[in-house]
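Numbering (the numbering used here), first residue to last: 74 to 319. Beta carbons are placed, not taken as given, at the ideal position from N, Cα and C, and that holds for glycine. Heads up: the structure comes next, in structure tokens.
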């Protein structure tokens with residue numbers, strides 16, 4: 074489905090990013106596994122892909138660093154000749170009630186989640202315009218669509234990603250480039266593993282399907298949006314939440 078395509082997944086050393094990298098590779102793409110802090114985990118993802126017969130490499134870059142992202146994109150295009158798929162997955166949380174949230178915690182989340190998405194799209198858009206093709210998939214969240222107490226910074230960043238997605242889809246659509254957002258609900262990751270069992274049960278009770286999702290549920294949708302099968306889908310925000318938001 075993605076044979077011959079070059080894909081970059083940011084924040085791909087764990088969680089949804091890790092599974093997305095693996096799934097894209099399983100579908101034939103050569104995947105660049107971006108990471109910032111954990112080289113060992115990123116190399117484990119690369120090794121897993123290669124052991125399964127796929128092609129992958131890791132690349133260290135803080136997506137919040139405008140100049141570093143520009144260098145990363147230039148390096149990828151120089152090495153592989155193109156970049157066909159960009160998955161903006163890198164993100165952090167620093168939760169807390171608004172009254173107690175520090176400016177640093179607010180800024181840190183916006184810098185990685187929102188500005189990081191802007192940086193990556195900004196620095197690859199010219200190449201995709203030149204190619205007259207491209208797939209950009211941004212990771213938002215149901216929190217960005219519906220809000221959540223104690224996550225003002227995270228909700229703001231993920232809502233901003235929705236705005237970026239719709240705006241850039243309008244700017245780039247005439248050149249064969251699609252831009253979509255995926256909004257996961259509660260997905261089983263290291264983050265949710267840290268939740269107390271009673272808290273996870275309370276969350277599951279709010280979900281129509283009465284269970285948390287798997288990273289593969291999100292990754293499979295991303296792979297579809299990255300493929301030619303989704304060539305006429307752009308500017309959309311698709312929730313993967315088991316019916317939590319209905």
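Asked                                                                                          : Found
Coarse secondary structure for residue 337, derived from DSSP in three states                  : Nothing about residue 337 can be read from this structure; the chain reaches only from 74 to 319.
Same chain, Cβ closer than 6 Å to residue 205, five either side skipped, listed in chain order : 248 and 249
Under 8 Å between C-beta atoms of residue 311 and residue 267                                  : no
For residue 132, three-class secondary structure by DSSP                                       : strand
Identified DSSP bridge partners for residue 252                                                : 209
Where residue 192 falls, given that 16 or more other Cβ within 10 Å makes a residue buried     : buried
Burial state of residue 108 (16 or more Cβ within 10 Å)                                        : buried
Residues sharing a beta bridge with residue 81, DSSP                                           : 105 and 159
Closest residue to residue 139 among 237, 154 and 189 (Cα-Cα distance)                         : 189
Whole alpha helix (DSSP H) elements within the stretch 251-295, 4-residue minimum              : 263-266 and 270-278
Distance between residue 168 and residue 117 (C-alpha atoms, nearest Å)                        : 29 Å
Start-to-end residues for the alpha helix (DSSP H) that takes in residue 194                   : 189-204
Nearest-angstrom Cβ-Cβ length linking residue 313 and residue 236, presumed shorter than 8 Å   : Incorrect: roughly 20 Å between the Cβ atoms, too far for contact.
Residue 227 and residue 182 closer than 8 Å at C-beta                                          : yes
Same chain only: Cβ atoms within 7 Å of residue 141, ignoring 5 sequence neighbours per side   : 134 and 135
Coarse secondary structure for residue 169, derived from DSSP in three states                  : strand
Residues bridged to residue 311 [DSSP beta-bridge criterion]                                   : 255
Rounded C-alpha distance that separates residue 207 from residue 251                           : 6 Å
Status (buried if at least 16 other CB within 10 Å, exposed otherwise) for residue 171         : exposed
8 Å Cβ shell around residue 216 - same chain, five flanking residues per side excluded         : 224, 227, 228 and 231
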